[in-house]
Amino acid sequence: MVTFFENIPSYYRTAILAGGLLLLWIIEGFFPRFTFRGNKYRHAGTNLFFTLTTVIVNTGFAFLIVKASQWTSNTRFGLLYWLNVPLWLHTLLAILMLDLIGAYLIHLVQHKTAWMWQFHKIHHIDTQIDATTALRHHPVESLFRVGALLAAILTMGVPFWMVMFYQSLSALMSQFNHANIRLPKWLDNGLSWIIVSPDMHKVHHSHYQPETDSNYANIFSIWDRLFGTFTFIPDTTSIRYGLDEYQDNRYQEVGPLLKVPWEQTAVAKNDKISGVSSNL
1 MVTFFENIPS YYRTAILAGG LLLLWIIEGF FPRFTFRGNK YRHAGTNLFF TLTTVIVNTG
61 FAFLIVKASQ WTSNTRFGLL YWLNVPLWLH TLLAILMLDL IGAYLIHLVQ HKTAWMWQFH
121 KIHHIDTQID ATTALRHHPV ESLFRVGALL AAILTMGVPF WMVMFYQSLS ALMSQFNHAN
181 IRLPKWLDNG LSWIIVSPDM HKVHHSHYQP ETDSNYANIF SIWDRLFGTF TFIPDTTSIR
241 YGLDEYQDNR YQEVGPLLKV PWEQTAVAKN DKISGVSSNL
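At position 136 of the sequence shown (counting the first as 1) the number is 136 in the UniProt record's numbering, and the numbers step up by one without a gap.
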């Protein structure tokens with residue numbers, strides 16, 4: 001496994017991720033959790049556009065990830081190197097820490113920090129959650145995630161092959177937990193004790209804010225349970241997706257979605273100016 005992920009060609013990773021997405025998309029057609037409303041192909045096209053922007057951003061900063069992971073390996077810098085644990089344990093702890101810092105914590109911060117939320121919320125504006133929603137992230141948000149990943153690599157000490165393994169696993173898990181699939185309740189509940197299951201993550205996409213601000217994890221559900229951000233809903237079919245102020249159909253199109261962060265800023269400025277004027 002070390003050799004494979006150390007030298008994995010980019011087209012291998014693309015094939016793995018595209019194959020996983022296609023498989024889940026097919027399964028969604030046979031065992032949907034919700035009946036899809038609207039044009040499924042147009043919805044997928046919008047979300048796939050943001051896949052392209054994410055690829056561009058990640059490719060642009062890939063050299064930093066490579067250099068950071070190679071530097072930690074060459075200098076044996078980072079907590080996991082200092083602990084001097086066996087390779088199997090180093091791998092397990094590295095995946096856990098990359099998931100904690102590079103997925104859970106940066107996700108939590110984006111929900112709690114107003115200006116970062118303006119970019120992250122295009123992910124939540126989607127009113128028809130399926131496997132392609134996993135790909136729907138504003139290009140600026142991709143920068144946040146790259147920064148968090150770099151922080152995890154440098155502080156923990158993660159070699160390059162483990163980073164590649166984690167990124168492949170993380171992308172597949174994100175597709176899985178966003179998928180519009182109906183698992184047997186006993187299976188979904190059982191999986192949610194270890195990994196993020198589809199029903200567990202559906203809660204996170206609820207329009208109801210206390211539910212939106214919960215279930216942040218991507219791979220391991222332990223983080224939500226450990227930090228008190230886990231929410232369980234027995235029947236997820238009652239959930240309504242999206243954000244109340246973005247129900248207009250135009251917010252399911254690429255152009256308006258890209259403008260959302262600045263549109264909100266403009267609205268806030270106008271409200272402030274109106275407030276000042278009314279006090280004169």
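Idealized CB from N, CA, C, for every residue including glycine.
Note that this is a predicted model, so its numbers are computed, not measured.
| Asked | Found |
| --- | --- |
| For Tyr-241, three-class secondary structure by DSSP | strand |
| The stretch 90-98 in contact with the stretch 159-169 per 3-pair CB rule at 8 Å | yes |
| Nearest-angstrom Cα separation, counted from Leu-154 out to Phe-30 | 43 Å |
| C-beta atoms of Met-173 and Asn-218 nearer than 7 Å | yes |
| Minimum C-alpha distance to Leu-135 - residue among Phe-176, Val-2, Trp-161 and Asp-99 | Phe-176 |
| Meets three-Cβ-pair contact criterion under 8 Å: the stretch 16-24 and the stretch 205-224 | no |
| Alpha-carbon to alpha-carbon, Thr-14 and Val-85 | 32 Å |
| C-beta contact flag for Leu-48 and Gly-102 at 7 Å | no |
| Straight-line gap, Ile-194 to Leu-96 (C-alpha atoms, nearest Å) | 12 Å |
| Contacting residues, own chain, Cβ-Cβ under 6 Å from His-204 (five flanking each side not counted) | Asn-215 |
| Per-residue DSSP class, three states only, for Ser-206 | strand |
| Inter-stretch contact at 8 Å, needing at least 3 Cβ pairs: the stretch 53-71 / the stretch 178-194 | no |
| Three CB pairs or more closer than 8 Å across the stretch 230-244 and the stretch 198-212 | yes |
| Sequence-distant residues of the same chain with beta carbon closer than 7 Å to Val-254, five excluded per side | Thr-46 and Phe-49 |
| Ala-268 - DSSP class collapsed to helix/strand/coil | Legend: pLDDT at Ala-268 = 44, less than 50; position of this residue unreliable, value from coordinates given subsequently. If DSSP states are grouped into helix, strand and coil, Ala-268 belongs with the helices. |
| Short Cβ contact (7 Å threshold) for Ile-122 with His-138 | yes |
| Rounded straight-line distance, which links the Cα of His-124 to that of Asn-180 | 15 Å |
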